[in-house]
Amino acid sequence: MSLPHPQSGDDGRLLHFLDLDGLSRETLTQILDTAETLAPVGERRVRTVPLLRGRTVANLFFENSTRTRTAFELAAKRLSADVLNIDLVSSSTAKGESLLDTLRVLEALQADMFVVRHSQSGAARFIARHVAPSVAVINGGDGQHAHPTQGLLDVFTIRRHKPDFDQLVVVLIGDIVHSRVARSDLAALSILGAAEIRVVGPRTLVPADVAALGGRFMPRLDEALIGADVIMGLRLQRERMEGAAVPSSGEFFRHYGLTRERLALAKPDAIVMHPGPTNRGVEIAGDVADGPQSVILEQVTAGLAVRMAVMSMVLGNRAGQA
Amino acid sequence: MKLVLRNVVDGLGERIEPNAAPVDLLIDDEAAPRRIDAVPPELPSLDGGGRLALPGFTDLYARLREPGPSRRGTLATECRAALAGGFTRVCAAPDTDPAIDSTATVELVLRHAAAAEAARVLPIAALTVGLHGEALAELATLQRAGCIAAGMADRALADTRLLRDAMAYAKSFDIPLVLRARDARLGIDGCAHDGPVATRLGLRAIPVAAESIALARLIELMHDTGARVHVSRVSSARAVTLLRDARTAGLPISADVGIAHLHFTEQDLDGFDARFASAVPFRSASDRAALRQGVADGVIDAICSDHAPLDADASLAPFPQVEPGLSIFDRFLPMLLALPEIADITLSRAVQAVTRSAADVLGADTPHADVVLVAARQRIDPGVRWSTGANLPVLDASSLHGTVTHVVMDARVVFGHQPSR
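Encoded structure:
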């Protein structure tokens, strides 16, 4: 009775990349391995490979995002694809044109792939269900639901430092409720078999049933950090710091901010991550963000390789189709 | 008018035995139906073919969409669809466009409903002007114009003082209030039950407390004003508990549940399945179990359709942006007849919940010359559609059984083959 997931074809191959639901450890590992082979492209003098030559990738951003759009754009260009950036925030959909009508027009431009960012949870799946069969859809973030390439680039970065996921203690701090990044991180870590995923934050920011996401709620950061291998901060949106979910950014930092003193509670070789942009002095102290254990900029670079891997695999899977 | 139903299983009483021997029934618009031994040759008669005869159903809540955009349905289409679902009376939701807040709109609804020559329409008046929750509508005038009750449709009423006044005013004219328990802030931007599915999908959630707080407020104001309140379309186990306690305390409270909420849970919308987007959220399996128990033991008096026909375009958007609602009429009877199989609800109780119990809520009689003939074991033909709604509930059609073959109103056959003389 339930709707089939539009992501995979009958043979299980990825036709879109929408979220991490139902993906196997093997599939995720394969994507990460592919990303490893593509990562050196960025180190070369000529930083392109011809994998998507002649293909057109359209970035459809229904919600503002400079960082994610830029990363997808650069990843597509490194694969030699033609890239269209279409800003839809202020465009026809804002004037009442339906999402489907907008899609039909963009399909007529004969793109092979849509990278979609949308403010509503489920938008990527909706688009994948209704798009022409010739178009692959990559989710660049849908509402509070998923940001699967971010989840992948995070585990890609972790794997480079700590390859044994079944030994791994990961701590996620802050706004889980409203975070698509947290959902995709929890999904990716669960699939790869992380030993323990601790989730820390005030109850206003952590869902009551966070266990459904594979996390274990811990109320106190100091306790959660003991024995941690990986510490992931999450962005706290400004509108939630002003008396609703959190009384103030200062109070949040005092209780959940990652400082040098707190970091000392974790394992000595623990790594510090954040999807960015960071609010220094809210989620993380500046000297921790810039410190030797921080891999925040590595995450950004990893995002290119991971997105190249996903785009080339999805279009590659479709190459054999009529 | 008189009509003889020959060869039918008598399901008009309190206990329904679907395997009982067929009898002949005299339907009379001036007297209660009775079994007869010999069919008077001068009366029109209909061969029921051994089918089950049930009283005409009363629906306590359905959206008939008129006045409003006709692509979602009209009184002509939806009243006909109601008959095909077994309903001879339908309480029409006030959230039409414009809302049912003036005598002109009530008259239009009643006129078009009469012209449809199908189910009778009992309009529910908008409790406040335009359903805006700011000023009381002319409730006594609307009652005189033909409204059976008053309510806020799916809107919350934020202003507790206005609600208290509304209850006191409605009591003065003995106007039943049909109110959904919904907090004005909590969960107001939500689109799914606050549970593991919404958490995984990142959907804005509607906590149980959004219902139970509003219900507790209604109960306190009932103590305060003495008003009679019918709680429309409850969704949670907590609500059932509060209703049970309020009844024990002797309050004149009653309640109904939408038929779909006895079938579905939050699990059904997993994967962003917009076919299960509902203004009253589908909650957890334990909530559904409590609703079923509430129907079984009568804490929930009635089952309504919560019919909400929509055109196909309304569901073509990401889940949080689709218009919620299910088009129920075309599936109501099989969903009702399935209750004894999926829950501890007898056939007699299920039928009572859409007939006598529903009429009692309105303080109305059951029209004794309204009878529905049902082929209870006949598989449904999924291609037969009466409602305009494209948003049918998702059910395994091959397991659904129960088709309305005839509807009799005021001892006249208004749906199905005509009687012979």
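Residue numbers (numbering that gives the first Met the number 0), protein chains in the order written: chain A, 0 to 321; chain B, 0 to 420.
Here a beta-carbon is modelled for each residue, glycine too, at the ideal position from N, C-alpha and C.
In this chain, the beta strand (DSSP E) harbouring Val-3 of chain B covers 1 to 9.
Within chain B, the residues whose beta carbon sits less than 7 Å from that of Asp-208 of chain A are Gly-194, Pro-195 and Thr-198, listed in sequence order.
Within the same chain, Cβ atoms closer than 6 Å to the Cβ of Ile-157 of chain A are found at Val-229, the five residues on either side in sequence being excluded. Gly-257 of chain B does not reach chain A, its nearest Cβ partner there being about 19 Å away, counting only Cβ pairs nearer than 7 Å.
Listed along chain A is no residue with a C-beta nearer than 8 Å to that of Asp-369 of chain B; the closest approach is about 34 Å.
Along the region 274 to 298 of chain A, there is no position whose C-beta sits under 7 Å from a C-beta of chain B. For Arg-119 of chain B, the CB contacts under 6 Å within the same chain, skipping 5 residues up- and downstream, are Arg-88 in chain order. The count of Cβ pairs closer than 8 Å, one atom from the region 13 to 28 of chain B and one from the region 360 to 373 of chain B, reaches three, so the stretches are in contact. CA-to-CA, the gap between Leu-335 of chain B and Gly-257 of chain B works out to about 11 Å. For Glu-195 of chain A, the uninterrupted beta strand (DSSP E) segment begins and ends at 195 to 199. In the assembly as shown, Pro-319 of chain B is a buried residue. Its beta-carbon has 16 or more other beta-carbons within 10 Å. The beta strand (DSSP E) runs of length 3 or more contained entirely in the region 217 to 270 of chain B are, from start to end of the chain, 228 to 230 and 252 to 257. Within chain B, no residue has its beta carbon less than 8 Å from that of Leu-233 of chain A; the closest one is some 14 Å off. Judged by DSSP secondary structure, Val-294 of chain B falls within the alpha helix (DSSP H) whose first and last residues are 284 to 296. For Asn-84 of chain A, the secondary structure class from DSSP, reduced to helix, strand or coil, is strand. The residue from A:Val-48, A:Leu-185, A:Val-281 and A:Gly-285 with its alpha-carbon nearest to that of Ala-74 of chain A is A:Val-48.
The C-beta of His-15 of chain A comes no closer than 9 Å to any C-beta of chain B. The alpha-carbon separation between Ala-245 of chain B and Gly-150 of chain B amounts to approximately 20 Å. Distance between Arg-70 of chain B and Thr-387 of chain B, taken at the CA atoms: about 7 Å. At a cut-off of 4 residues, the continuous stretches assigned as alpha helix (DSSP H) that sit fully inside the region 2 to 83 of chain A are 24 to 37 and 65 to 77. Looking at the DSSP output, Asp-23 of chain B shares a beta bridge with B:Ile-35.
Taking 4 residues as the minimum length, the alpha helix (DSSP H) runs contained wholly in the region 213 to 293 of chain A are 220 to 224, 248 to 255, 259 to 262 and 285 to 288, in order along the chain. In this structure Ala-226 of chain B is in contact with Met-166 of chain B, their Cβ atoms being roughly 4 Å apart against a cut-off of 8 Å. Exclusion of the five residues before and after Val-287 of chain A leaves Leu-257, Thr-258, Arg-259, Leu-262, Val-271 and Ser-293 as the residues of its chain whose Cβ lies within less than 8 Å of its Cβ. The residues Asp-188, Gly-189, Cys-190 and Pro-319, in chain order, have a CB closer than 7 Å to that of Arg-203 of chain B in the same chain once the five nearest residues on each side in sequence are set aside.
The straight-line gap separating the alpha-carbon atoms of Val-413 of chain B and Ala-75 of chain B is approximately 14 Å. Contacts between Asp-269 of chain B and chain A, judged by CB atoms closer than 8 Å, involve Ser-1 in chain order.
Look at Arg-124 of chain A: its C-beta is under 9 Å from a C-beta on chain B. Restricting attention to B:Pro-195, B:Val-233 and B:Thr-198, the CA atom closest to the CA of Ala-213 of chain B is found in B:Val-233. Shown here, Cys-90 of chain B sits in a strand according to DSSP, grouped into three states.
Using a C-beta cut-off of 8 Å, the region 297 to 310 of chain B makes contact with the region 351 to 358 of chain B, since at least three inter-stretch Cβ pairs fall below that distance. Glu-340 of chain B is classed as exposed because its beta carbon has fewer than 16 other beta carbons within 10 Å across all chains shown.
With contacts defined as CB atoms closer than 9 Å, Val-170 of chain A and Val-209 of chain A fail to qualify as a contacting pair.
Apart from sequence neighbours up to five positions away, the residues of its chain that approach Val-207 of chain B with a beta-carbon distance below 6 Å are Ser-235 and Arg-237, ordered along the chain. Considering only beta carbons, the part of the region 109 to 124 of chain A lying closer than 8 Å to chain B consists of His-117, Gln-119, Ser-120, Gly-121, Ala-122 and Arg-124, in chain order. Closer than 9 Å to the CB of Gly-41 of chain A there is not a single CB belonging to chain B.
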